[in-house]
Structure formats: C-alpha cells, structure tokens
Amino acid sequence: MAKRDFGEISDTCKWELPDYEPWFPVSEKSNPLTRDIDKASPNHIVRLLAACDAQMFQKETGTTYQRLFSDSVVQTMLEVARTVEQILRDPEDSLVVLSGCGTSGRLAFLTASCFNRALRDRQQNTVYSYIIAGGDRSLLTSQEASEDDPKLGMLTLEKLCEGKRHVLFIGISCGLSAPFVAGQLDFCLKHPDIYTPVLVGFNPVTQAREETMPGYSLTFREVVQRMEEQRGQRAFIINPAVGPEAISGSSRMKGGSATKIILETVLAAAHTAAFTNTHVTRRVLLDMMRGYERVYSVTYSHSDQIATLLQTAGLSLQCGGRVCYLSWGSLGLVGLIDASECIPTFGADYEDIRGFISGGYQDVDNIEGALTSLGSQFCIAHEDFVSLVLPTLSDRDTVLLLYTCHDDVGDVEKMAHRVRKKTSNLHSLYHGLQGDTTADIIGLLCSSVLNITWPSSTVHMQWELSSKLVLNAVSTGSHILKGKIYRNHMVDLQVTNSKLYHRAIHILQMLSGVSLTQCEEALLKAIYNVEQLTEDITTAGVTTHTLTASRRNRVVPLALVCLLIGCSLSEAESRLESHPVVRDAVEACLTSSQHLTSSPGDQTSTNH
Ligand code: F6P
Numbered sequence: 001m002a003k004r005d006f007g008e009i010s011d012t013c014k015w016e017l018p019d020y021e022p023w024f025p026v027s028e029k030s031n032p033l034t035r036d037i038d039k040a041s042p043n044h045i046v047r048l049l050a051a052c053d054a055q056m057f058q059k060e061t062g063t064t065y066q067r068l069f070s071d072s073v074v075q076t077m078l079e080v081a082r083t084v085e086q087i088l089r090d091p092e093d094s095l096v097v098l099s100g101c102g103t104s105g106r107l108a109f110l111t112a113s114c115f116n117r118a119l120r121d122r123q124q125n126t127v128y129s130y131i132i133a134g135g136d137r138s139l140l141t142s143q144e145a146s147e148d149d150p151k152l153g154m155l156t157l158e159k160l161c162e163g164k165r166h167v168l169f170i171g172i173s174c175g176l177s178a179p180f181v182a183g184q185l186d187f188c189l190k191h192p193d194i195y196t197p198v199l200v201g202f203n204p205v206t207q208a209r210e211e212t213m214p215g216y217s218l219t220f221r222e223v224v225q226r227m228e229e230q231r232g233q234r235a236f237i238i239n240p241a242v243g244p245e246a247i248s249g250s251s252r253m254k255g256g257s258a259t260k261i262i263l264e265t266v267l268a269a270a271h272t273a274a275f276t277n278t279h280v281t282r283r284v285l286l287d288m289m290r291g292y293e294r295v296y297s298v299t300y301s302h303s304d305q306i307a308t309l310l311q312t313a314g315l316s317l318q319c320g321g322r323v324c325y326l327s328w329g330s331l332g333l334v335g336l337i338d339a340s341e342c343i344p345t346f347g348a349d350y351e352d353i354r355g356f357i358s359g360g361y362q363d364v365d366n367i368e369g370a371l372t373s374l375g376s377q378f379c380i381a382h383e384d385f386v387s388l389v390l391p392t393l394s395d396r397d398t399v400l401l402l403y404t405c406h407d408d409v410g411d412v413e414k415m416a417h418r419v420r421k422k423t424s425n426l427h428s429l430y431h432g433l434q435g436d437t438t439a440d441i442i443g444l445l446c447s448s449v450l451n452i453t454w455p456s457s458t459v460h461m462q463w464e465l466s467s468k469l470v471l472n473a474v475s476t477g478s479h480i481l482k483g484k485i486y487r488n489h490m491v492d493l494q495v496t497n498s499k500l501y502h503r504a505i506h507i508l509q510m511l512s513g514v515s516l517t518q519c520e521e522a523l524l525k526a527i528y529n530v531e532q533l534t535e536d537i538t539t540a541g542v543t544t545h546t547l548t549a550s551r552r553n554r555v556v557p558l559a560l561v562c563l564l565i566g567c568s569l570s571e572a573e574s575r576l577e578s579h580p581v582v583r584d585a586v587e588a589c590l591t592s593s594q595h596l597t598s599s600p601g602d603q604t605s606t607n608h
C-alpha cells in the first residue's frame, strides 16, 4: 500500500517536469496518473479521477506553473471581479459577455444564465450574455467546425454588443487554442474604448497555440502576446495550470470544472460586493475557492457509490442499452451538458447517454428558445423522455435521477414510479441539507442511492460542481468500460476541427512510433478512403480534411491499424470489424505487429 501511494505521489507531479512530453501544452499532455485507466476496475477508475481532479487545487510547487491559488492568479481574478463590480454598480449600456467553444461555450451559457437569474431575483437589469460557437444548437450537440473560425467569433461578438458603451469580454479556451475565441480577443484589443478582454484557460501563455488560423493573420499565441502587453490594465489573463486531463485532451473534465470555479468565484464575489456596498477582496476570493475544494472532497468521499453508478452505466453501454439523466432545476443543465459531450468525446450516439430536464427549454432559458424542431436529439423535456424513451425502457438501460431538496420532490417521486414500472435499473443522485429526510421514499425505489449532505451555507452552484464531477466520472468511466479508451487516450476521436486533426496525428505517432508525416498520410488516406493520396488531397487545407472527416467513421482507428500492420485500408476495415471494441482492436494489432517488442507507446515523439 505504502509503495503504491508513493508511486501515485510521484505520478501526480511528473507532468510538471520540463522533459515530460515537452512538445505538448499541459492541456494536451497525457496524465501519468491514468496511463492504465483503461484496465482499471470501476472503483479504481473513480480513485484515479479523484487524484486527477485533486491537481486542480494543488499549490504552486516551483516556478514552472502558476496554479489556482497562486498569488498572480488570485490577483488577476481580483482585478476582473472589481471590473464586474463596477459594471454592476453602473450597468447602463454595459455588458459582460462570456464566450467559448464546446464545453467552454456551454459553461459560458450556464454561468451567464445563473448570474442573470441572480440579478432578476434582486429586481436588477441583467448584464450577462453568452456566445457559443455554432449557436445554441451547440449547447446540446457538437458543432466543432465553427471553433476554427476567428472571423465568425469576432462578428458574433460585434453584433451582440451593438450600441454598448462598455463590454467586459470573457473568452474561455482551456487550451488557449480556439481560433473562434482568438478572433474575439483580438477584436477587443482593437477597440479598447469599449471592450476589456479577459482570457480564461489552463496553459501558460508560452504554450498558447502557434498554428496559423484560416483567413487570419495572427496565431492564438500572438493574440495572447498582445494581451500580455496590456496585461493588468486593459487586458487580463487567468491561466492557472490544473494538470493534464484524465483522458488526454478531454478539457470538458478539469478544464470545465476549473472554468466553473473561476467564473463563479469572480462573479459571485462581484455580486456580493456590489449589493452589500463593500469591495471584493482576495480573502473573499480565496474563501470561495476553498469552498469549491471542499465540494471536491465531499463529493469524492462517496467514491464507492460513484463507482456503482459508473459500473451500471458501463454495463448498459456494453450491452447496447442507454443511460438517461433525468434532472430537475439547474442540475438539469449539468446533466444535458455532460450527456452532449459524449458525442464528440467518445464518438457516442446521442441516445447512448442522454439528458432530460424537467421543464425543457423553459428551464434552459437559452437565447434561441426551443430547438425541438431540429430533431429528436433536441427533445430534452421530461415529457419527451416519457414519449420517446420510456415506452422502450428495459433493465438494459440505466436511469439516474438528479435532484436537490429545493426541487419538487413529489414530481421526482412520480417519475421514479413510472420508470420503476419499466426497469429496476433506477438510481439517484440527491443533494440535501443536514437532517433532511426528503429523499428517503425515492431512495426505496432505487437500486442505488448517492445522497450527498451539505451544510446549510452551501450554494446551488456548488451542488452543480459536485454533480458535474459525478456525471463526468459516470460518462467517462462507462465509456472506459465499454472499451473506448486505450491507455488514457481516446483513439476513436472525431476529427472535426483542426485541434482534433493535430491531436489525432499525435495519437497515431505515439502509438505507432513512426514519423508525424507518415501518420498524417495514413490519417488522410483513412479520411478520404483512398489507398494512394492524390495531389488534390495533399494540397487541400485542414478545413477540407476535417469537413470530409466529419462524414466518416473510425478514421483514427483505421489509420492506426494501417500503420501498425502495414496493411491496406480495406484490410484494416475488416480487422476493425472483427474487433468492434476499439481497445481490443488496438491491442490485437500491437500484439501482431513487431512494434510490440520495441514498445512503441513508450517512445517519445522524437520526430517533431
Ligand atoms: O473541439 C473539441 C473541443 O476539445 C471540445 O471538446 C472542447 O470543449 C472545445 O474543443 C473547446 O476547447 P477549448 O476550451 O480548449 O477552446
């Protein structure tokens, strides 16, 4: 035991060493803690996820990386909170815009909605708005291509802010990488009389993306450098390192959680100051962040119950069943977000893990309103669950109820009875206060119960974070059990934007040990479904490649099999057909290739 703990401690810090995967920014590195997560038991998976999440709260250890609690980070948060405080005191013609792509955009939406609600509760005018690349449909589905468009980002921001006198723009890009956000930050820098840009992300500025963006003269790094020149006056960068993700590059996990912690801390502190006629202080910010650290500890103190949920969800996915989150209140948004992320992250079908929220779009309160006409995937109300899913529900499916003591528990109970008639595979995640027994009756209907009890000072946003940690563990863990992950890499990723295109090439390189050029060629052959690359293909841009890839399945596994076996695409297709589980396919190829003896996965990317 002592030996294993020692191993985990050193693995916790290894990613900080300068020679650990130096070609990757922190957000894309593989986490040394989770390199065997694909073979771990449900209990062990949860322990590993807990260890990864703990890295968010680790104190600064040296000079390499600033962390969440570092003075420099807290100082910048303080300055941004004071700017928000001023806007709240004088909101006329002012706006706070939160923007991002994928999960970052979803958190922008969640945060803007939450703080507008707080203002409405005080009979104040709302000052927050959000932008998500691809529009509101990206709240529920993956629209990865718009992430690559800096001009679209800029134009969307300009349109939203028409007629405003002062705009605080908060651009979120966990990897300091999304061109959509870079375009917006650059636009703000060019109009300092109106716009104050804030960048939230989790890489040092020296690791911001260097790749050129289509139709744009600047790289993300150059935009960040320009922000640095104005830092502390007209531009702010909040970028603590939180360590590599448990599944490499999956920034929906720690990146998303840390984004939520930072934004809510800054905005909640500004609200408290503005409405109590005080000023934001470092102490207030630190206390709030420590509150989130306690949320982390309390949540993972229920690791056994989380592991049970993860296991049952994994069994459902393994046998072609579904996992449904049925939520009430704002936990519903957390459920919708977690479920929607499984589509791009694991190449999942939207029915594999699906979220439903009690009041549907009325509860979501998004700018574009109800999106149900876009198709069944956008049907998110409990009544949609009742008409679309309930009739065919069986014991193969897992249903998870998510609710709190502030929700209509009678309604939860009614739904629990309806589900129970179709399946015994019913579970619940409940947030309550000390001494309350509200959930007892519903608990009797469930085959597993995760009741988290909180002190009365706990705020709803903390329950959201707690739910996010649980759901991230359930959806990630169940896909691990389904065999979607090899080591700690999502091999079957969708290559739908330039970041994912380059990530795919690096995964191929790491697993095959051949050069990046050969990997890119193999990937292109798989994308275009050709045995030989034509000049048309090799001269086309990444945008064309990713557009084509979005219409194809399993391009990365196909390319990998070709590289490992040295076979044609058609042979790779038939090998993959005989191994529908991606991890098994990779292992079978590694075993039958000579690469195994030289352990390609352990090679470093010397071909960079
Ligand atoms: O495009 C894929 C993706 O990695 C999403 O999963 C993620 O949420 C989004 O990009 C945004 O990433 P970032 O916050 O680093 O800009």
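Numbering (UniProt numbering), first residue to last: 1 to 608.
A virtual CB, placed ideally from N, CA and C, is assigned to each residue, including glycine.
Nothing here was measured: the structure is a model prediction, and the numbers come from that model.
- Under DSSP, Y130 takes part in a beta bridge, and its partners are L98.
- In the structure shown, Y486 adopts extended strand secondary structure according to DSSP, grouped into three states.
- Within 7 Å of the C-beta of S173 there is at least one heavy atom belonging to ligand 1.
- For the pair C342 and S456, the Cα-to-Cα distance works out to about 33 Å.
- If you look at H479, you'll find it in the alpha helix (DSSP H) that goes H460 to L481.
- If you look at Y501, you'll find it in the alpha helix (DSSP H) that goes S498 to S512.
- DSSP places Y403 in the uninterrupted beta strand (DSSP E) bounded by T398 to T404.
- For the pair V96 and Y128, the CB atoms are nearer than the 8 Å cut-off.
- Here E144 is buried. Its C-beta has 16 or more other C-beta atoms within 10 Å.
- Shortest gap from the CB of K29 to any heavy atom of ligand 1: 7 Å or more.
- Non-local beta-carbon contacts of R165 in its own chain, meaning distances under 8 Å to residues more than five positions away in sequence, involve E92, D93, S94 and I194 in chain order.
- By the criterion of a C-beta distance shorter than 6 Å, Q462 is surrounded in its chain by V295, once the five residues flanking it on both sides are discounted.
- Secondary structure note for P150: its alpha helix (DSSP H) is the uninterrupted segment P150 to L160.
- With at least 16 other beta carbons inside 10 angstroms of its own, V80 counts as buried.
- Counting along the chain, the unbroken alpha helix (DSSP H) around V542 starts and ends at V542 to A549.
- The secondary-structure analysis by DSSP pairs Y325 across a beta bridge with G355 and L400.
- Our two residues, Y501 and W454, have alpha carbons roughly 43 Å apart in a direct line.
- Looking at S592, C562 and L310, the one whose alpha-carbon comes closest to that of S478 is L310.
- Apart from the 5 residues on each side of it in sequence, N239 sits with its Cβ closer than 6 Å to the Cβ of G201 in its chain, given in chain order.
- Straight-line measurement puts the Cα of F346 at about 13 Å from the Cα of N488.
- Assignment of N43 by DSSP, reduced to helix, strand and coil, places it in the helix class.
- Distance from the CA atom of V582 to the CA atom of V542, rounded to whole angstroms, is 25 Å.
- Relative to ligand 1, S177 has its C-beta within less than 7 Å of a heavy atom.
- For L168, the enclosing beta strand (DSSP E) stretches over residues H166 to I172.
- By the C-beta criterion, the region 328 to 339 is judged to be in contact with the region 465 to 474, since at least 3 inter-stretch pairs fall below 8 Å.
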